[in-house]
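Read the structure below first, then the notes.
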Amino acid sequence: MTRLKLIWADKALRWVVLAALVATFLYLLPTIIAGGAGFPLDDGWIHQTYARNLARTGRWEYVPGVVSAGSTAPLWTIWLALGYLLHLPYFFWVFLSGAVSLAWIGLVSARLWQTLWPAEADRGWQIGLLVVLVWPLIWAAGSGMETLLFIALGLQAILAYYQVGPSRWGAARVGLLAGMMILVRPDGLPLLLLLALALLVGTPGLTWRQRLTNVLLTLAAAALPLIPYFLFNRWASDQWWPNTFYAKQSEYAMLLAEPLWQRF
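My numbering numbers the first residue of the sequence shown as 103 and each following residue consecutively.
Listed below in structure tokens is the structure:
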């Protein structure tokens, strides 16, 4: 909470938040005027279906009455379900979530800049502003999908890595953020492994024992939110990952069968 107050106290960073909110609103304005709000891809509607059923029945279902292990974004689904429980219009809730996630990305980008280049820290807000005005990110804010939450958690985990010290909480925070990121998209697993490797070889100010402890704490903290998800998938489909994850593998099976140098 203290860090949030410090960020908001920086008047320049307020422009980052304002730009994210305004950019998302302007992107959505034509559809609002036309009265035809929607999502550009079917993924947005799929997430809404899972979230609506979860809020109504407390069960993980796509088709009512049939338990499903097909969601690759359970944390996003749970967040959307909160909107249904609060009786908020689902378009309002998901678009607000997209705009806030975009602002989050901008703020973390600014903090990363200030951390990596402290001599140019006063330019951090400019970096954040540039990031939130990137067109694909604005589009994603209105897509109804989990993309921006995934990016925000990933950047926050990277920032947490740069803030790790002898305190064990720092490493645990990296792992918890990475675990939550994987709950948004399984694609976050490689970043977790890279962060664990960085904690092992990229923290020269710590002893090897401290580094190894940090790695173990990171992996353990990441496992905390993931274990229930894996156990549910195993129970529902006899697979550890959601079945749509394996469907993607089947889609690219022919490409993956080729030698690496021929795939590009």
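Positions of the beta carbon are idealized from the N, C-alpha and C atoms, including for glycine.
Everything numeric in this text was worked out from a predicted model, so none of it was measured.
Quiz item: With a cut-off of 9 angstroms, does the C-beta of Leu295 fall near any C-beta of chain D?
Solution: Protein chain content of the structure displayed is limited to a single chain, and chain D is not contained in it.
Exercise. Can you have a look at Gly167 and say buried or exposed, based on whether 16 or more other CB atoms are within 10 angstroms of its CB?
Key: Position 65 of the sequence shown holds residue 167. Exposed, by the Cβ-count rule.
Quiz prompt | Secondary structure of Val169, DSSP reduced to three states | solution = Residue 169 sits at position 67 when you count from the first residue of the sequence shown. Strand.
Quiz item: What residues match up with Glu248 in a beta bridge as DSSP calls it?
Solution: Taking the sequence shown and counting its residues from 1, one reaches residue 248 at position 146. For Glu248, which the question treats as bridged, DSSP gives no partner whatsoever.
Exercise. Determine contact between the stretch 211–219 and the stretch 123–132, defined as no fewer than three beta-carbon pairs at a distance below 8 angstroms.
Key: no
Practice problem: Compare the Cα-Cα distances from Ile207 to each of Gly281, Ile260 and Phe194 and report the closest residue. | Solution: As a working mapping, residue 207 is identified with position 105 in the sequence shown. For the residues Gly281, Ile260 and Phe194, the minimum Cα distance to Ile207 belongs to Ile260.
Quiz item: Quick one: what does DSSP say Glu360 is sitting in, helix, strand or coil?
Solution: Position 258 of the sequence shown holds residue 360. Coil.
Exercise. Identify every residue that forms a DSSP beta bridge with Glu163.
Key: Counting from one through the sequence shown, the residue named residue 163 turns up at place 61. Partner(s): Val169.
Quiz item: Between Gly244 and Phe197, is the Cβ-Cβ spacing less than 9 angstroms?
Solution: As a working mapping, residue 244 is identified with position 142 in the sequence shown. As a working mapping, residue 197 is identified with position 95 in the sequence shown. Against a cut-off of 9 angstroms, the Cβ pair of Phe197 and Gly244 comes out as a contact.
Quiz prompt | Cβ separation of Ala324 and Ala254, assumed to be a contact under 8 angstroms, to the nearest whole Å | solution = In the sequence shown, counting from the first residue as 1, residue 324 sits at position 222. In the sequence shown, counting from the first residue as 1, residue 254 sits at position 152. Rounded, the Cβ-Cβ distance is 17 angstroms, inconsistent with contact.
Quiz item: Which residues mark the beginning and the end of the alpha helix (DSSP H) in which Ala298 is found?
Solution: By one-based count along the sequence shown, residue 298 stands at place 196. Segment Leu291 to Val303, the alpha helix (DSSP H) holding Ala298.
Quiz item: Between the C-alpha atoms of Ala227 and Leu209, what's the straight-line distance to the nearest angstrom?
Solution: The sequence position of residue 227 within the sequence shown is 125, counting from 1. The sequence position of residue 209 within the sequence shown is 107, counting from 1. The identity of residue 227 in the sequence shown is Trp, whereas the question assumes Ala. Answer to the nearest angstrom: the Cα atoms are 8 angstroms apart.
Quiz item: How would you call Gly146, buried or exposed, if buried means at least 16 neighbouring beta carbons within 10 angstroms?
Solution: By one-based count along the sequence shown, residue 146 stands at place 44. It counts as buried.
Quiz item: According to DSSP, is Asp340 helix, strand or coil?
Solution: Start at 1 with the first residue of the sequence shown, and residue 340 comes out as number 238. Coil at Asp340, not helix or strand.
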